[in-house]
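Per the numbering used here, residue 64 is the first one in the sequence shown, and the count goes up by one each step. Beta carbons are placed, not taken as given, at the ideal position from N, Cα and C, and that holds for glycine. Being a predicted model, the structure only gives us computed values, none of them experimental. A short worksheet on the structure shown next.
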Amino acid sequence: MVFDLSKINDAEFVAKIKEKPYLKNYLETYQGKGNPLPLFSEELKAEHKKLKEPNLIYSVAEDTFIHINPHTTSDDGYNEYVIIEPDEPDRELMEFADKVFAAKAGGLDPPVEITERFNMVDNYLNKTLVSSSTAVDYTKLGDPFTVKTFPVEAKKLSDLKYHFLQKRAGTGLLDPFLNDPNLEDISIIGAGNMYIIHKAFGTLKVPVFLSVDAIDELIISLSEQFGKTISHAKPVVDATLPDGSRINIVFGKDISRKGTNATIRKFASTPLSIIQVLTSGVMNFTEVAYLWMMLEAGMSLFVNGETASGKTTTLMGLTAFIPANWKVVTIEDTPELTLPHNNWITEATRNTGNAASSVTMDDLLKAALRQRPNYILVGEIRGAEGNVAFSAMQTGHPVIATFHAAGMVPLIQRLSNDPINIPKTYMENLNLALFQGAVLNPEGKRVRRVLSINEILGISNDGNVMFIPVFDWDAGTDTVRFKGKGSSALFISKVLEKRGMKKKDEGKLYDELELRAKILEKMMEKKIFNYYDVFNAISHCNEIGLEEYLKELDEQ
């Protein structure tokens, strides 16, 4: 199969191919192997997720394209995630540019903020590089530490700029991955191929072989950016990359047999809103309306699930329902949570290796109790800080946290055993336990779903924690059953009481639940998706009332 530009009917694709010679070279090689021409899209769209055999190129930056390639030469079952980018510049050219840059910027402190750093390096390139119509011999340009400008052959100029910015202002070879909003996880498993988890296409293999030395060089370079020392003496590090992504590193071949490994969990600069969570089917409208009422009433909630089940995404989406004028304190090991509230305090632990100067989750929770918050949000409860969280609940400070547990029984077991050791009599202070998982739907596709929402009622006479599932997910139909309809214990014992209503008014709460579900459905219909727009819409709804806001939505 031969590449023929004249046979491509997509004008946008043709324009990109003409503009980017490296894209044309890639396609010529790809089709030269007998593969069909890929589809092209400027960005990934919802319809692309339905492709059974995706052969698709999409753009993630001005000069960076991604090819989802199903026509691989290996038989390991993985489709490939191929990065199409400008060619690497000549080694001599890159080294010369490095030396000139070092001479000009050597006495300057590099900006911490990634945009400022990019602008500084870009400014250097624009002032230093001069386009040349002929090839350049860099051995004859003199001392790189004294030259003010130097020529670069015109056809190599954009290649040099791309890779120099990536190396000096970005995160090196990770830049294309971090620029792709469609990725969830990036895995460097040691020497060999990288793997990524794609939101639309699942696990994909990156057909680039990384050596042990290349990985170590990358990780040490990254550690300078996120300001944490990594070495054989301190080989395990959790940190945050400049774009907000979270990285876990295990450094060195003595710890990891295949060499240094790293896993990056990507987080969008703007979190997913609860309406976007609804769009993906994680919950239904009634479940979210119920949680809306519970958070307005100041209930404590644990969002539980296994790794990569979407706990943090759900937690952040739900923060839209915390009243806008409430004070919120977030406590995390590695900062991930982004809240839309003005009165928001964000705190993170600090591990210096010295107990005297380190700050633990336990320390921050104790401090939070003195800050008079309306809500405390904990990134993840794992240890002794669980005791402080339950003490906060006891003293009237509601807590929302994520927790690793697959069901009510494992949750109770983990809370009551080492290292958390919560007495069972304290557990009734936790009002709600939501469980979320990555499961197969009836079509066999892996999806994220809230599996159950449980109300914790109290402690039985024989010392056991009593709870009822108010919502649960039916795997056979991929639908949600509302088991608590007409029998929610929290509606009676908490919500009615906080509103000064009587038992006979319970039916009004279920009517209100339906009304809130209609509002959420209408917000989706009106495409109110942005995280901050949803927060503002809910705040406005609280100001003018539910019925009035539904009328406004109907009139839009």
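According to DSSP, residues forming a beta bridge with residue i
i	result
Glu143	Asn132, Lys268
Arg309	Thr303, Arg328
Leu246	His261
Tyr85	In DSSP, Tyr85 forms no bridge with anything.
Glu395	Ala411
Leu228	Partner(s): none; Leu228 has no beta bridge.
Ile251	Met257, Ala325
Asp537	Thr542
Residue i vs residue j beta-carbon contact at 9 Å
i	j	result
Asp361	Asn437	The amino acid occupying residue 361 in the given sequence is Gly; Asp does not appear at that position. Closer than 9 Å, so yes.
Phe592	Gln339	yes
Tyr594	Pro334	yes
Asn527	Phe498	no
Ile249	Thr326	yes
Ile71	Leu100	yes
Ser363	Leu495	yes
Lys262	Asn142	no
Ile439	Val422	no
Gly368	Thr465	yes
Asp425	Gly446	yes
Pro403	Ala418	no
Pro270	Val123	no
Pro149	His226	yes
Gly255	Lys321	yes
Gly265	His295	no
Leu86	Lys79	yes
Coil, strand or helix - residue i by DSSP
i	result
Met564	coil
Phe66	coil
Pro532	strand
Phe365	strand
Gln499	strand
Ala447	coil
Arg413	strand
Trp355	helix
Asn494	coil
Asn599	helix
Asn256	strand
Ser195	strand
Ala166	helix
Ala109	helix
Ser340	Looking at the sequence itself, residue 340 is Val, so the reference to Ser does not match. The answer is helix: DSSP assigns Val340 an H, G or I state.
Val210	coil
Val123	strand
Leu102	strand
Ile485	coil
Ile525	In the sequence on display, residue 525 carries Asp and not Ile. Of the three classes helix, strand and coil, the one that applies to Asp525 here is coil, per DSSP.
Ile555	helix
Thr401	coil
Glu239	Looking at the sequence shown, residue 239 is not Glu but Pro. Pro239 falls in the helix class under three-state DSSP.
Phe11	Nothing can be reported for residue 11, as the shown portion of the chain is limited to 64 through 619.
Leu156	helix
Burial state of residue i (16 or more Cβ within 10 Å)
i	result
Glu448	buried
Gln476	exposed
Val215	buried
Gly500	buried
Gln229	buried
Leu576	buried
Asn505	According to the sequence provided, residue 505 is Pro. The question's Asn does not apply to it. Counting Cβ neighbours within 10 Å, Pro505 comes out exposed, since fewer than 16 surround it.
Lys565	exposed
Arg579	buried
Pro117	buried
Met529	exposed
Pro152	buried
Asn450	buried
Continuous beta strand (DSSP E) stretch holding residue i: start and end
i	result
Ser515	509–522
Pro214	213–216
Phe545	542–545
Leu440	438–441
Thr465	462–466
Leu427	Segment 424–432 is the alpha helix (DSSP H) holding Leu427; no beta strand (DSSP E) there.
Enclosing alpha helix (DSSP H) for residue i [first to last residue]
i	result
Asn186	177–191
Ser284	275–289
Ile80	74–82
Glu611	609–618
Tyr201	Unbroken run through Tyr201: none, as it is neither H nor E.
Ile475	471–479
Ala580	569–588
Thr377	374–381
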